[in-house]
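Number of protein chains: 2
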Amino acid sequence: MMKRYAIGIDIGGTNLRAGLVSEEGEIVRKIKKPTTEKVFESITEAIEEIRHDEIVGIGLGVAGLIDRETGRVLVSSSLHAIEGMNLVDEIKKIFNVPVFIENDANIAALGEKIGGAGRGFRNFVLLTLGTGIGGGIIYQDKLLNVPAEIGHMSIKSDTEKCQCGNIGCLENYASARAMVTNAVAMLEKGKESLLTECCKGSFYKLTPEDIYSAALDGDNLSRDILRDAGKNLGVGLANIINMLSPEAIILTGGLIGAWNIYVQEAIKEASRRAFKHLFNSVKIIRSSLVDDAGIVGAAYLVFNELSRDTC
Amino acid sequence: MMKRYAIGIDIGGTNLRAGLVSEEGEIVRKIKKPTTEKVFESITEAIEEIRHDEIVGIGLGVAGLIDRETGRVLVSSSLHAIEGMNLVDEIKKIFNVPVFIENDANIAALGEKIGGAGRGFRNFVLLTLGTGIGGGIIYQDKLLNVPAEIGHMSIKSDTEKCQCGNIGCLENYASARAMVTNAVAMLEKGKESLLTECCKGSFYKLTPEDIYSAALDGDNLSRDILRDAGKNLGVGLANIINMLSPEAIILTGGLIGAWNIYVQEAIKEASRRAFKHLFNSVKIIRSSLVDDAGIVGAAYLVFNELSRDTC
Numbered sequence: 002m003m004k005r006y007a008i009g010i011d012i013g014g015t016n017l018r019a020g021l022v023s024e025e026g027e028i029v030r031k032i033k034k035p036t037t038e039k040v041f042e043s044i045t046e047a048i049e050e051i052r053h054d055e056i057v058g059i060g061l062g063v064a065g066l067i068d069r070e071t072g073r074v075l076v077s078s079s080l081h082a083i084e085g086m087n088l089v090d091e092i093k094k095i096f097n098v099p100v101f102i103e104n105d106a107n108i109a110a111l112g113e114k115i116g117g118a119g120r121g122f123r124n125f126v127l128l129t130l131g132t133g134i135g136g137g138i139i140y141q142d143k144l145l146n147v148p149a150e151i152g153h154m155s156i157k158s159d160t161e162k163c164q165c166g167n168i169g170c171l172e173n174y175a176s177a178r179a180m181v182t183n184a185v186a187m188l189e190k191g192k193e194s195l196l197t198e199c200c201k202g203s204f205y206k207l208t209p210e211d212i213y214s215a216a217l218d219g220d221n222l223s224r225d226i227l228r229d230a231g232k233n234l235g236v237g238l239a240n241i242i243n244m245l246s247p248e249a250i251i252l253t254g255g256l257i258g259a260w261n262i263y264v265q266e267a268i269k270e271a272s273r274r275a276f277k278h279l280f281n282s283v284k285i286i287r288s289s290l291v292d293d294a295g296i297v298g299a300a301y302l303v304f305n306e307l308s309r310d311t312c
Numbered sequence: 002m003m004k005r006y007a008i009g010i011d012i013g014g015t016n017l018r019a020g021l022v023s024e025e026g027e028i029v030r031k032i033k034k035p036t037t038e039k040v041f042e043s044i045t046e047a048i049e050e051i052r053h054d055e056i057v058g059i060g061l062g063v064a065g066l067i068d069r070e071t072g073r074v075l076v077s078s079s080l081h082a083i084e085g086m087n088l089v090d091e092i093k094k095i096f097n098v099p100v101f102i103e104n105d106a107n108i109a110a111l112g113e114k115i116g117g118a119g120r121g122f123r124n125f126v127l128l129t130l131g132t133g134i135g136g137g138i139i140y141q142d143k144l145l146n147v148p149a150e151i152g153h154m155s156i157k158s159d160t161e162k163c164q165c166g167n168i169g170c171l172e173n174y175a176s177a178r179a180m181v182t183n184a185v186a187m188l189e190k191g192k193e194s195l196l197t198e199c200c201k202g203s204f205y206k207l208t209p210e211d212i213y214s215a216a217l218d219g220d221n222l223s224r225d226i227l228r229d230a231g232k233n234l235g236v237g238l239a240n241i242i243n244m245l246s247p248e249a250i251i252l253t254g255g256l257i258g259a260w261n262i263y264v265q266e267a268i269k270e271a272s273r274r275a276f277k278h279l280f281n282s283v284k285i286i287r288s289s290l291v292d293d294a295g296i297v298g299a300a301y302l303v304f305n306e307l308s309r310d311t312c
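Line by line, the protein sequences give chains A and B.
In the numbering used here, each residue's number is its place in the first sequence (first place is 1) plus 1.
In the numbering used here, each residue's number is its place in the second sequence (first place is 1) plus 1.
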């Protein structure tokens, strides 16, 4: 029997990743490019670039709130250009194959389930820890058909407004954006730190990598910022554990690079907060596919939906 | 064919309810008594009282964290006497029929799905609003096999310790206990209120009903307390909506008596906080079985599990 292939696209605020993936979950070819303002054009160009004669469909993982039934991108704070667009219809028109769409963290969860750190678990939650925080839930081996906007769970309900309209969202206290905002505020107040040198006064150029690197060099401010964000992530982990008691929480995204400070602090905080019995039965681990999870998950969405149609 | 019956028991910190229920969900006989310190004995006495020759099993809905696989009550802040006990094994020994156990809010959700306000929805969340706050999740017509401890989701992560060990739990800011604690604190500070008369200085005797009744009489303190608890409940509703986007949230428990102040405020707050698209697709409604939901759900647990075994 001939091998079948699908294209998986994973697009967030920073990067667009596209891959040609076999039904067995093998990535045959992949590309990555920075997300531009012309989001739709970037997607179609990427599809052209890795297209293959025999693709059975295209799967899209998009950062934002997605109506998977209609194919519409409802809200996307990092991809404004495609907000309100029916991405499924528009891409179908051009490539004339079945097209499916999901939230990017949801398809990353699906990817980890198919070919990554989630293979051994029937029930797990995946969190993407980057500029923002996203979530995807696998329940009894399948993707739970819910938005899982875990980053927009309020954990400090009387504090600052989030860009989503809610107040005190987890994302505002535990993401890369939160760390950088926090660092800049401290530096502007004149707080002493190695970070002052690293960006030579252009605080807006600070990255989470700078903060982590300064923390490793013993910078107290940087360590405090990472620990503080970690503590807040721990509140989110405890909430997930108390509500869903997953077998595992799989962490992915750029911030897991700071595992030994940020994530360790989060695990410690979650252990203090969650019900003991539930905390003791969860494994908090790293993603294994990392950046490829979205591509694999998006392609699998295609195989999954097509096999459902033929049942 | 002969009708089959199961006994459903619903036990919380305040009351024990037991019912003899037919496979069609009809309650043939039921009793209610206050929960005593001798929890286990109260349960067995209630079973004796409504027993029927032909019962196929006993279902238990217990306030607390339950290990449904082993039958053990892991944590129950309102039923300390049975904490750590394997309730399933102990009751099986006496009555010699299949026994199943679940968290009380989970079985109330199941009850509403079978014979109440949840019949028309494939996906909903039930919240029990009483002394504490519990939750149950129905997903694609079935009970989601998770603790759903929504009352122990932290919404004010830097505030007061909850008896569960977490900090700033929803339950501490939106439950009946929260309202009464808040009222007593205000009265002790000498705040003017109709409540001062209603309990003649014995503030510890205050009930949520007193607060609601004073609020209806125009008492400002009481109105503020109800609105404040409602706002906090609204944070919880928004978190549920952003994460699970249910078709409905069904509210039950004593506090829904204060619907027009407390729940209305919660709905208003949730509408401000949740993603608009998701808020617009959820119905926030009252339970229809109310106190019987637990009995029906617990009995249904038996029919459900037995039919699974014979499949």
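Even glycine gets a Cβ: it sits at the ideal position worked out from N, Cα and C.
CB contact below 9 angstroms: residue i versus chain B
i, result
"glutamine 164 of chain A", "no"
"alanine 250 of chain A", "The sequence shown places isoleucine at residue 250 of chain A, not alanine. Output row for isoleucine 250 of chain A: interface = no."
"histidine 278 of chain A", "yes"
"cysteine 312 of chain A", "Only weak support is given to the placement of cysteine 312 of chain A: the predicted model assigns it a pLDDT of 45, under 50, and the value that follows is read from those uncertain coordinates. So no, cysteine 312 of chain A is outside the interface."
"histidine 53 of chain A", "no"
"glycine 137 of chain A", "no"
"leucine 144 of chain A", "no"
"alanine 109 of chain A", "no"
"isoleucine 268 of chain A", "no"
"lysine 157 of chain A", "yes"
"arginine 309 of chain A", "no"
"serine 246 of chain A", "yes"
"methionine 154 of chain A", "yes"
"tyrosine 140 of chain A", "yes"
Reference residue i; option with closest CA among the options
i, options, result
"serine 289 of chain A", "A/Glu266, A/Gly117, A/Thr208 and A/Pro247", "A/Gly117"
"valine 283 of chain B", "B/Val57, B/Gly131, B/Glu46 and B/Leu245", "B/Leu245"
"arginine 73 of chain B", "B/Ile59, B/Val89, B/Gly62 and B/Ala64", "B/Val89"
"valine 76 of chain A", "A/Gln265, A/Cys165 and A/Lys277", "A/Cys165"
"lysine 232 of chain A", "A/Gly219, A/Tyr213 and A/Tyr263", "A/Tyr263"
"aspartate 225 of chain A", "A/Val181, A/Cys200, A/Val126 and A/Lys201", "A/Val181"
"glutamate 38 of chain B", "B/Leu80, B/Val57, B/Gly169 and B/Ala215", "B/Leu80"
"arginine 274 of chain A", "B/Gly235, B/Lys157, B/Ser272 and B/Ile285", "B/Lys157"
"aspartate 159 of chain A", "A/Val57, A/Gly169 and A/Ile151", "A/Gly169"
"leucine 256 of chain B", "B/Val57, B/Gly131 and B/Pro247", "B/Gly131"
"glutamate 270 of chain B", "B/Gly295, B/Gly235, B/His278 and B/Ile296", "B/Gly235"
Interface flag, residue i vs chain A, CB-CB below 9 angstroms
i, result
"alanine 239 of chain B", "yes"
"isoleucine 151 of chain B", "yes"
"asparagine 243 of chain B", "yes"
"proline 148 of chain B", "yes"
"methionine 180 of chain B", "no"
"aspartate 68 of chain B", "yes"
"serine 63 of chain B", "Before going on, a small fix: residue 63 of chain B reads as valine here, not serine. No, valine 63 of chain B does not count as interfacial toward chain A."
"leucine 75 of chain B", "yes"
"alanine 275 of chain B", "yes"
"asparagine 233 of chain B", "yes"
"valine 283 of chain B", "no"
"valine 22 of chain B", "no"
Extent of the continuous alpha helix (DSSP H) to which residue i belongs
i, result
"arginine 224 of chain B", "221-245"
"isoleucine 92 of chain B", "88-96"
"lysine 206 of chain B", "Where lysine 206 of chain B is concerned, there is no enclosing alpha helix (DSSP H), given that its DSSP letter is neither H nor E."
"tyrosine 71 of chain B", "Before going on, a small fix: residue 71 of chain B reads as threonine here, not tyrosine. Unbroken run through threonine 71 of chain B: none, as it is neither H nor E."
Residue i: first and last residue of the uninterrupted beta strand (DSSP E) it sits in
i, result
"aspartate 11 of chain A", "6-12"
"arginine 273 of chain B", "Where arginine 273 of chain B is concerned, there is no enclosing beta strand (DSSP E), although the alpha helix (DSSP H) it sits in stretches over 265-274."
"proline 209 of chain B", "Not the beta strand (DSSP E): proline 209 of chain B falls in the alpha helix (DSSP H), residues 209-217."
"serine 43 of chain A", "Per DSSP, serine 43 of chain A belongs to no beta strand (DSSP E); it is in the alpha helix (DSSP H), 40-51."
Pair within 9 angstroms by beta-carbon distance, residue i and residue j
i, j, result
"alanine 239 of chain B", "serine 155 of chain A", "yes"
"glycine 133 of chain B", "glycine 26 of chain B", "no"
"glutamate 55 of chain A", "lysine 4 of chain A", "yes"
"leucine 61 of chain A", "isoleucine 102 of chain A", "yes"
"aspartate 11 of chain A", "alanine 109 of chain A", "yes"
"threonine 253 of chain B", "leucine 145 of chain B", "no"
"alanine 53 of chain A", "arginine 30 of chain A", "First, the residue type needs correcting, since residue 53 of chain A is histidine and not alanine in the sequence shown. In contact: histidine 53 of chain A and arginine 30 of chain A (Cβ atoms closer than 9 angstroms)."
"alanine 186 of chain A", "serine 194 of chain A", "no"
"isoleucine 313 of chain A", "isoleucine 67 of chain A", "Residue 313 of chain A is absent from the model: chain A starts at 2 and stops at 312."
"aspartate 220 of chain A", "leucine 188 of chain A", "no"
"alanine 259 of chain B", "alanine 216 of chain B", "yes"
Residue-chain proximity (residue i, chain E), Cβ-Cβ < 9 angstroms
i, result
"isoleucine 168 of chain A", "This model lacks chain E altogether; the protein chains it does include are A and B."
Exercise. Of all the alpha helix (DSSP H) runs that stay within the bounds of the region 117-192 of chain B, which reach a length of 4 or more residues?
Worked result: As far as the region 117-192 of chain B is concerned, its whole alpha helix (DSSP H) runs of at least 4 residues are 172-175 and 177-189.
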